[in-house]
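Some notes on the structure that comes next.
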Amino acid sequence: MSVDTATVRHIAKLARIAVTDHEVEALVPELNNILGWIEQLGEVDVTGVEPMTAVIPNQLRMRPDEITDGNVRDAVLKNAPVAEHGFFAVPKVIE
Amino acid sequence: MANLNDLGIAAIRDGFRKGDFSAREVADSFISAVEKARALNAFTVETPDHAIAAAEQADRDRSQGDFKPLSGVPLGIKDLFATKGVQTASASKILEGFKPEYDSTVSGKLFAAGAGMLGKLNMDEFAMGSSNETSAFGNVLSPWRRNDGGNAALTPGGSSGGSASAVSARLCPGATGTDTGGSIRQPAAFTGITGVKPTYGRCSRWGIVAFASSLDQAGPMARDVRDCAIMLEVMSGYDPKDSTSLKLDVPQWEAGLSSDIRGKRIGIPREYRIDGVPAEIDAVWEQGIQWMKDAGAEIVEISLPHTKYALPTYYIIAPAEASSNLARYDGVRYGNRVAPENGSLDDMYKATRAAGFGAEVRRRIMIGTYVLSAGFYDAYFNQAQKVRALIARDFQDAFKQVDLILTPTAPSAAFGLGETTDPLGMYLNDVFAVPASLAGLPAMSVPAGLDAQGLPLGLQIIGKPLDEQGVMNAGLALEERAGFTARPEAWW
Amino acid sequence: MNAPYRIQGATGEWEVVIGLEVHAQVTSKAKLFSGAATEFGAEPNTQVSLVDAAMPGMLPVLNEECIRQAVRTGMAIDAKINAWSRFDRKNYFYADLPQGYQISQLYHPLVGEGEIEVELEGGATKKIGVERIHVEQDAGKLMHDQHPSFSYVDLNRSGVALMEIVSKPDMRSPEEAGAYVRKLRSILRYVGSCDGNMEQGSMRADVNVSVRRPGEPFGTRTETKNVNSVRFIMAVIEYEASRQVDVLESGDSVVQETRLFDPDKGETRTLRSKEDAHDYRYFPDPDLLPLELSDDFLRECRESLPELPDAKRKRYEQELGISAYNAAVLTAEVETARWFEELLAATGKTGPEVGKAASNWVISDLFGALNRLGKDITESPVTPAQGAELIGLVADGTLSGTLAKQVFEIMLETGDNPGKIVEERGLKQTSDTGEIEKVIAEVMAANADKVAEYRGGKDKLFGFFVGQTMKAMGGKANPGVVNDLLKKALG
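Residue numbers (the working numbering), protein chains in the order written: chain A, 7 to 101; chain B, 11 to 502; chain C, 184 to 674.
This is the structure we're talking about:
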């Protein structure tokens, strides 16, 4: 499988990264080079192999239903590029 | 008095306890070294106040007879660790100026153990790189130079390049690193220092900026094995805030150190002999094998059949996880925002992320996005997770025959900045480091000697899950035999 | 059996096919993966932890109660519980999604297939399949009208636990969909896993609708997002079905797309088409390990389940002799059933002896009063114990039905116990034959003409004499005694 400029633009859109035409042109061979290389994995026989879930045997632990956090609005908003009236602010979204 | 900068962690700790010097003297000495070494660009932020405050506290504590494990020891902290009130940018423009309201569990443990922080250490952006050339805060220079008389700037390796450079140049006795696919071990090897990547789950990931969650592990980088053991003991431990943290007691690794490895069986994986690797790498490996024999260990040739697939597997899984982990850098809640005039929310996302991420990070996000996208998940990501299981199984099988595995750490010595421009060529730096990362195994790099150009080379020891002690004991046996005393001459 | 629901198009009949994805907020104190509170209505961004705000390096830790409630919900609909499940990341960008992904379950949901039986008009029932229930994070909230050029983001809801309950495309009419949602809501509230409060957004549905010629394969469906009342869900189905029929009959094809419902216009409109559909890039969340539930955990979940509405309804019919209609009404809402059972317990009696009278009183008298007062049963001014006392006074003949209604009105006003009211106001029914005979004699004297007519064969006038006697006695006479004595007196 290889990518073309349209695919690169599509991926960039999914990843929300603006790309110039020049960048797209450069990315096509770069990504194809990498993808061509990782595609060698296809030759590995994985019949009956389960995808790895936990690299070291370990069990998911659950925590009790207790309120232990929150009420830290200042800390939450402190680094915000734009915060007003206790909210984060973003360019207006039209639905 | 000996130059305090020449002392390692154990020596500082012990000398401070004995009253040979004050913690403040140690801190001042390293602060001054940091200031003089700005040419190396190892630090993104210097925090002398933090180091001094910790030192003064240690001095006050000492007068009460109160000593903590790292009282009097100043450290460098990789910029990937959140540090309260101190810029934590992961060497990325997108997080420039971000001052978290929290300390990572690991850096918090170090501070609670009495350590001070000299500053935040430069690194590859979001830990993506093997040469520290992807940092938004500029390249880190290795303190080492080739013995050819030229002054070519060399890489300290990456991604923990600032940590490696700072420890190697005696700017701090130890530093934290993180290792996703070799980011502690490869720079340690490049700069002639010691670094340990513990078993996945030993060190909490809470508060460490995530690159690839299933691979990221924190670990110590220091001058020798003992110093690493001291740091790792403090850094490790169960953390209920990290669901992948191992609920195990932390062994007393320092007390357990012993270079007596008689009877240990050391595996030499035949698949690690790969074409195109310089003869000097093979030579240092042979030397390591000899040292192991001298130490009374038994050498066993083993096979890790899926080794050649480790790098491509890594370059699917790590970018996939990264593409998702880095989605939070969107200019909404923290970090830098670029919002085009009258632009939409999406325009802001795209502009923010295009401007905030460097080329390598963007490339990996693109790769990761692609391998997870509709129609490709099974062919790429799921296949990679299956191959990953096979790679882990290779190690399980090998560890039925042997106790430890010995390999070179990296396929070359440090290279010049700007010499490796092809992404794939850069990725190959981690060919020996990545398999242990994929299998979550403890592994370390120990300096073994110099190449013909006078640059350090490292040997890697890989152990069974949770056998950091075995890994560090074998490391100590190598260290004693290598007698590595070379150090870069200060030119900075 | 009802006639199947059909849309009459210009070219013939169409059948509508409906599937619902109901998002139900799990009742829990803290969020699914953080310790911040879930309570509704707090100041913006106060119920947000650093985890919920997706600060760098923050990690999720699973809340056991959310899993317990989702498992119990699954058990309540007889679904397969997957003791091994896993969380996946659903990746997309939006300002209300701080992590840039929602932690959900695609590949290995917690709960597998189950079913819900719904009651339709005319007493018919139908089983609606449930495909799966998975657990996921809710998103935050955007406010668009507070600033000319900004939208504001409140993350209080961000990370609250949701169950997504995905039905099979088994529904064929708006009525069935409405019945399904009501029944599901009832079960959730019985189980206690969701408060079912649709106004506050605790329950909302994505409505999948397609149309086809009866018997033909499924048509292309549309999905209308975030519909937050049963009435709106039914409106969406009616609108979408007829819109799709119009599209098809005009020779076009239905576009697979996501739509939004506009409650003011009663219409749906395109939100995004399939071409713009998200590519969510699901993959297992590497911050979380697979979730493995122990036998003990599952046993505790099962043992803690209450009696569910279907079982309760059958028991009311069989053990209490309550009519099918009354049993359905009494069991539809968990609060009603709870109130009713407290009432029964307070009567100290069991079985049909009390069940019928109690159910009739609750449904006609109590519900009538609550309706009038605009209150629901949890706000009833009369307690179950007071209701039981009132029913007891009727059963032992102290009160007639008429008197009981009077006493109940006074109870509603004053909150007093019925015994006290009867005592203080002398509302006790009389069975004193002497007094009643005296009144009967007076009534007969005053209506001698009617007595003659009655005796002449006009039997229907008996009721007239009863009424007159009762009226003369202010409603306090025991009707049975009045009947007996009148028959005697009239001969």
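Idealized CB from N, CA, C, for every residue including glycine.
All figures in this text were calculated on a predicted structure; none of them were measured in a lab.
Under the assumption that residue i contacts residue j (Cβ atoms under 8 Å), give the Cβ distance between them as a whole number of angstroms.
i	j	result
C/D271	C/D468	6 Å
B/T93	B/S117	6 Å
B/F200	B/A420	7 Å
B/E111	A/A81	4 Å
B/A101	B/N149	Not confirmed; about 11 Å, so no contact.
C/H206	C/E347	6 Å
Cβ closer than 7 Å: which chain B residues qualify as neighbours of residue i?
i	result
A/G76	Those do not exist, as A/G76 stays about 14 Å from chain B at its closest Cβ, beyond 7 Å.
Identify every residue that forms a DSSP beta bridge with residue i.
i	result
B/G86	B/G129 and B/A185
B/I312	B/P279
C/K324	C/D337
C/Y284	C/N274
A/P70	None, per the DSSP bridge assignment.
C/R442	C/T407 and C/T453
C/M381	The partner list for C/M381 (beta bridge, DSSP) is empty, contrary to what the question assumes.
C/A660	C/T613
B/Q470	B/T417 and B/S455
Is there a Cβ from chain C that is less than 8 Å from the Cβ of residue i?
i	result
A/V25	no
A/R22	yes
A/T13	no
B/V342	yes
Does residue i have its Cβ less than 8 Å from a Cβ in chain B?
i	result
A/A18	yes
C/P446	no
A/R69	yes
A/I40	yes
C/N274	yes
A/E72	no
C/R251	no
A/V30	no
C/D462	yes
C/L476	no
How long is the line joining the alpha carbons of residue i and residue j, rounded to whole angstroms?
i	j	result
B/G124	C/L443	58 Å
B/S81	B/C182	15 Å
B/R272	B/E308	8 Å
C/S547	B/A337	58 Å
C/V313	C/S350	4 Å
C/N509	C/A278	49 Å
C/I286	B/E331	14 Å
B/E490	A/A32	49 Å
A/M68	C/V244	7 Å
B/G107	B/G345	7 Å
B/S175	B/F221	22 Å
B/L416	B/A443	11 Å
Name the chain C residues that come within less than 9 Å of residue i, Cβ to Cβ?
i	result
B/D388	The contacting residues do not exist; B/D388 stays about 11 Å from chain C at best.
A/K98	H327, H330, P331, S332, F333 and S334
A/T53	Correct list: empty, because the minimum Cβ distance to chain C is about 20 Å.
What residues of chain A sit near residue i, judged by a beta carbon separation below 8 Å?
i	result
B/L256	I62 and N64
For residue i, verify whether its CB is less than 7 Å away from any heavy atom of the ligand MN.
i	result
C/I604	What this structure holds is no ligand at all, so the ligand MN is not there to describe.
Residues of chain C with CB under 7 Å from residue i, in chain order?
i	result
B/T331	For the record, residue 331 of chain B in the displayed sequence is Glu; it is not Thr. Going along chain C in sequence order, the residues near B/E331 (Cβ under 7 Å) are P469.
B/G217	G240
A/L83	N228
For a contact meaning CB atoms closer than 8 Å, what does residue i contact in chain C?
i	result
A/E90	H330, F333 and Y335
A/A95	H330, F333, S334, Y335 and V336
Within 8 Å of any Cβ in chain A, is that where the Cβ of residue i sits?
i	result
B/M376	yes
B/Y319	yes
B/S214	no
C/A278	yes
Who are the neighbours of residue i on chain A, taking C-beta pairs under 7 Å?
i	result
B/T379	I17, L20 and A21
C/S217	D75
Mind pulling the chain F residues with CB within less than 9 Å of residue i?
i	result
C/P473	Of the protein chains in this structure, namely A, B and C, none is chain F.
Going along chain B in order, which residues have a C-beta closer than 8 Å to the C-beta of residue i?
i	result
A/P35	Ordered by position in chain B, no residue passes the 8 Å Cβ test against A/P35, which lies about 11 Å from the chain.
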